[in-house]
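Undergrad: Encoded as structure tokens, here's the structure I'll be asking about.
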Amino acid sequence: YSIYHAGHKKHSLPIDNSGVAASFSYTEKGSRTPGKPTIVFVHGLSSSKEGWMSIVEHIPADHHCITVDLPGHGETVGFSEDMYSIDKFIEKLKLFFDKMKLIEPMCIIGASMGASIVCLFAAKYPEYVCMICLMAPIANEEAETDLIRQLRAGVYNGLLPETTAELRQMIRELTVKRPYLPRPILNGFMHMKLLLASLFEYDYPQIERHYEKLRQLNCPALILWGRQDKV
1 YSIYHAGHKK HSLPIDNSGV AASFSYTEKG SRTPGKPTIV FVHGLSSSKE
51 GWMSIVEHIP ADHHCITVDL PGHGETVGFS EDMYSIDKFI EKLKLFFDKM
101 KLIEPMCIIG ASMGASIVCL FAAKYPEYVC MICLMAPIAN EEAETDLIRQ
151 LRAGVYNGLL PETTAELRQM IRELTVKRPY LPRPILNGFM HMKLLLASLF
201 EYDYPQIERH YEKLRQLNCP ALILWGRQDK V
């Protein structure tokens with residue numbers, strides 16, 4: 001319902017993933033207009049394209065707008081678990097853009113891990129991008145919050161919950177307005193634990209290794225970080 005309410009239509013894009021049948025799930029609103037960039041939304045860790053609907057519903061109908069599920073998320077299928085890293089997400093995002101024939105520079109918006117993917121994508125493939133917006137990107141050590149310091153020190157492992165009770169605690173830590181999540185959704189979230197562990201244990205602690213690449217960025221960037229954001 002949220003996709004319909006936002007004026008979007010859901011699609012599936014078949015992909016030949018190194019000989020394996022795969023598909024990207026995405027939503028689309030509006031049509032491409034020469035001289036007006038397509039707006040693409042990239043979600044964060046353990047989220048999905050549906051997470052953008054409350055935002056994209058406010059974008060005027062004359063803008064071409066796309067939200068996409070990353071591999072291992074939402075309804076995008078056919079990608080093996082060894083592809084779940086920021087570097088590989090960047091390459092799969094390029095694969096999606098190429099298959100969609102999105103050849104004119106885009107405005108790409110990312111949240112959380114999606115923001116990291118977006119800025120590193122823009123640095124590596126500047127010809128695809130005219131501007132970026134980074135919402136709550138992963139910060140460096142100078143801006144670390146108490147929660148992130150605890151995570152690095154191994155004192156708190158709340159982003160990798162072992163039980164639904166720990167998952168509820170994680171949600172309390174990471175949200176201001178508590179969402180209602182029925183038990184089936186909580187249980188489904190727990191099935192993503194392998195993906196979460198792979199990304200968090202490798203990419204998040206070593207995010208600094210990407211910083212030098214950001215010097216290559218040459219497009220306008222808007223960075224947003226919530227006042228009450230604990231991550």
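Here the sequence shown is numbered in the numbering used here, starting from 1 and rising by one per residue.
Note that CB positions come from ideal geometry on N, CA and C, so glycine has one too.
#1: DSSP has residue 14 in a bridge; who is on the other side?
#2: List, from N- to C-terminal side, the beta strand (DSSP E) runs of 3 residues or more that fit wholly inside the stretch 83 to 112.
#3: What number of angstroms, rounded off, separates the C-alpha of residue 35 from the C-alpha of residue 65?
#4: Where does residue 40 fall in DSSP's three states?
#5: Taking the C-alpha atoms as reference points, what is the distance between residue 177 and residue 19?
#6: Which stretch, first to last residue, makes up the beta strand (DSSP E) that contains residue 221?
#7: Leaving aside the five residues before and after residue 124 along the sequence, list all residues of the same chain whose C-beta is less than 8 Å from its C-beta, in chain order.
#8: Is the CB-CB distance between residue 133 and residue 106 below 8 Å?
#9: State the beta-bridge partners of residue 233 as determined by DSSP.
#10: Would DSSP call residue 75 helix, strand or coil?
#11: If you reduce the DSSP assignment to three classes, tell me which class residue 167 lands in.
#12: Expressed to the nearest angstrom, what Euclidean distance is found between the alpha-carbon atoms of residue 10 and residue 169?
#13: Short of 7 Å in beta carbon distance, which residues of its chain neighbour residue 75, apart from the five on each side in sequence? Order them along the chain.
#14: For residue 9, name the three-state secondary structure that DSSP assigns.
#15: Let me make sure I understand the geometry here. Which of 128, 179, 6, 73 has the alpha-carbon closest to that of residue 113?
#16: Smallest Cα separation from residue 226: which of 138, 166, 181, 164?
#17: Taking only runs that begin and end inside the stretch 119 to 143, name each unbroken beta strand (DSSP E) of 3 or more residues, in chain order.
#18: Candidates 164, 8, 211, 17: which alpha carbon is nearest residue 58's?
#19: Measure the Cβ-Cβ separation of residue 27 and residue 67 and say whether it is below 8 Å.
#20: Do residue 44 and residue 111 have their C-beta atoms closer together than 8 Å?
#21: Between the Cα of residue 88 and those of 32, 17, 181, spot the shortest distance and give me the residue it belongs to.
#22: If I measure Cβ to Cβ from residue 2 and keep anything under 8 Å in the same chain, skipping five residues before and after, which residues do I get?
#23: Using only the alpha-carbon positions, how far apart do residue 96 and residue 116 sit?
#24: Tell me which same chain residues have a C-beta within less than 7 Å of the C-beta of residue 126, skipping the five on either side of it?
TA: Well, looking at it:
#1: In the DSSP output, where bridge partners are listed per residue, residue 14 has 23.
#2: Whole beta strand (DSSP E) segments, 3+ residues: 106 to 111.
#3: Annotation: residue 35 to residue 65 spans about 14 Å, alpha carbon to alpha carbon.
#4: Secondary structure at residue 40: strand, using DSSP grouped into helix, strand and coil.
#5: Distance between the alpha carbons of residue 177 and residue 19 is about 44 Å.
#6: DSSP places residue 221 inside the beta strand (DSSP E), whose first and last residues are 221 to 224.
#7: Cβ within range, chain order: 90, 213, 216.
#8: No; because the gap between Cβ atoms is not below 8 Å, this pair is not in contact.
#9: Residue 233 cannot be examined here, being either before or after the span of the chain that is shown, 1 to 231.
#10: Looking at residue 75 - three-state DSSP - the assignment turns out to be coil, as it is neither helix nor strand.
#11: It is helical.
#12: Their Cα atoms are separated by approximately 32 Å.
#13: Non-local C-beta neighbours of residue 75 in its own chain, meaning closer than 7 Å and more than five positions away in sequence, comprise 25, 69, ordered along the chain.
#14: DSSP places residue 9 in strand when its eight states are reduced to three.
#15: Out of 128, 179, 6, 73, the CA that lies nearest to the CA of residue 113 is found in 73.
#16: That would be 138, whose Cα lies nearest to the Cα of residue 226.
#17: Runs of the beta strand (DSSP E) inside the stretch 119 to 143: 129 to 135.
#18: Selected option, being the one with the closest Cα: 8.
#19: Annotated as proximal: residue 27 and residue 67, with beta-carbon spacing under 8 Å.
#20: Their beta carbons are under 8 Å apart, which means residue 44 touches residue 111 by this criterion.
#21: Nearest of 32, 17, 181 to residue 88, Cα basis: 17.
#22: Hits under 8 Å: 50, 53, 54.
#23: Residue 96 and residue 116: Cα-Cα distance of roughly 18 Å.
#24: 218, 219.
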